[in-house]
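Just so you know, our numbering puts 334 at position 186 of the sequence shown, and the rest follows in order with no gaps.
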Amino acid sequence: MKNCADVIIVGSGVIGNAAAYYLAKRGASVIVLEKSDNIGDGGSSRNGGGVRQSGRDKRELPLAMFGIKNLWPTLSEELEMDVEYYQDGNLRLGKTAAHIQTLTGLTNNATDCGLDVSMISGDDARQICPYLSEEVTGASWCPTDGHANPLLTTLAYYRKARQLGVRFITGEEVVEIRKIKGKARQVLTPNNSYEGETIILAAGYDSRKIASTFGIDIPMTQALLEVLVTEAQPPMFYQMLGTAAADFYGHQSTHGSFVFGGSSGLEDVNKDNGTPTSTSLTASCICRGIMKYFPILEDIKIVRSWAGWMDVCVDHVPVLSFVEEVPGIILASAFSGHGFGISPAVGTLLSEMVIDGQPSLDLSALRYDRFKAKI
């Protein structure tokens, strides 16, 4: 019976760990299986830490708004670990007319959903962050956005879940999910079999291969993103930053370092046999973009960089759904680089789907079968 639980979660990233915590909090027994030897070894420890509502697709925006209103403000206290959450706003920057058009469209979509976000001039943006260059002609501004520490958040959920009795097994690669009497029941690894009443598939890009073992395809690819960290600086600004052109994104951390992410577009040129490897090419591309917006940072030293895979859905919106053809399965995958900021909300909703049979928010737009041809 040691390999049986009410819920088996595949994937120990921030989504899987959050779901494990909220499920255990409500009394469910949970086993979490992780392919890597390390917790949070995927995108959960390789992202820019944004906790934002602005710039999101309308379909996932309610999750972000719910989490920022109800969960993030007290998360450090609840998990008994400082997750370094800041709610100092989000500036998404533009330099050209095309940039402003892009930002205006995103802003209009968000305000239609009730979000407090607005377009501001370059001068207004410099009032918020005086270090911006004169090249910035406008920005979107959301005062309730912010950022947090992805690794600390992932580990905080892991730690609290363990305290509540969740069993985490690392180095355990799931190769198949098998049905018994028409219901998903068994989770198979090369050396073991696990059984649960409900199985949550939250394994990033690996979810596609695993889902194929029970006949479901999640149309997604993987993309390599890189993150770099600077030497510590005095406190300068704590807004979450991004750009219409996606040159970079990032923030200043509690410890003074700036954490910036981005890509060069050359990831497929440098073959790495599947290992997410950072390169000097990408670091240089990210830095050139940053210096155009923040010339004051041009002499700051980069102390380290790392790379990681992002699971990108074909429509850039997550799959968060029951599977009608396969009772017992819940999909929580394809977060397309947007998963960290909504992870507390997603974990809460997953616990509701298991315990209550339905989530408290309408997730119909995130169904697994939205990609099928309409007849």
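Just so it is clear, CB atoms sit at the ideal spot from N, CA and C, and this is done for glycine as well. This one's a predicted model, so the numbers in the text were calculated from it and none came from an experiment.
Within the same chain, 368, 370, 457, 459 come within 7 Å of residue 353 by CB-CB distance, once the 5 residues on both sides are set aside. When rounded, the separation of the alpha-carbon atoms in residue 293 and residue 366 is 30 Å. Between residue 261 and the set 305, 211, 461, 236, the nearest pair of CA atoms involves 211. When the Cα atoms are used, residue 254 and residue 239 turn out to be separated by approximately 13 Å. A residue is called buried when at least 16 other Cβ atoms come within 10 angstroms of its Cβ; residue 170 meets this threshold and is buried. For residue 214, the uninterrupted alpha helix (DSSP H) run begins and ends at 209-218, by DSSP. The C-alpha of residue 518 lies about 46 Å from the C-alpha of residue 381. Between the segment 397-405 and the segment 503-512, the count of Cβ pairs shorter than 8 Å is below three; the stretches do not touch.
Taking C-beta atoms as the reference points, residue 322 and residue 335 count as a pair closer than 9 Å.
The count of Cβ pairs closer than 8 Å, one atom from the segment 160-168 and one from the segment 484-496, reaches three, so the stretches are in contact.
Taking C-alpha positions only, residue 329 is separated from residue 474 by approximately 11 Å. The residue from 168, 355, 343 with its alpha-carbon nearest to that of residue 502 is 168. Beta-bridge annotation (DSSP): residue 229 is not paired with any residue. With respect to the 9 Å criterion, residue 273 and residue 258 are not classified as neighbours on the basis of their beta carbons. Taking the C-beta atoms as reference points, residue 326 is found no nearer than 9 Å to residue 376.
Looking from the CA of residue 407, the closest CA among 448, 285, 220 belongs to 448. DSSP places residue 309 within a helical segment (H, G or I) once states are collapsed to three.
Bounds of the alpha helix (DSSP H) holding residue 439 are 428-441.
Residue 238 is bridged by DSSP to 290, 388. Close CB contacts of residue 361 within its chain, under the 8 Å cut and outside five residues either way in sequence, are with 323, 324, 325, 326 (chain order). Looking at 505, 337, 480, the one whose alpha-carbon comes closest to that of residue 516 is 480.
For residue 502, no beta strand (DSSP E) encloses it; the enclosing alpha helix (DSSP H) starts and ends at 487-503. With distances taken between CA atoms, residue 378 lies nearest to 450 out of 437, 443, 450.
The three-state secondary structure of residue 479, taken from DSSP, is strand.
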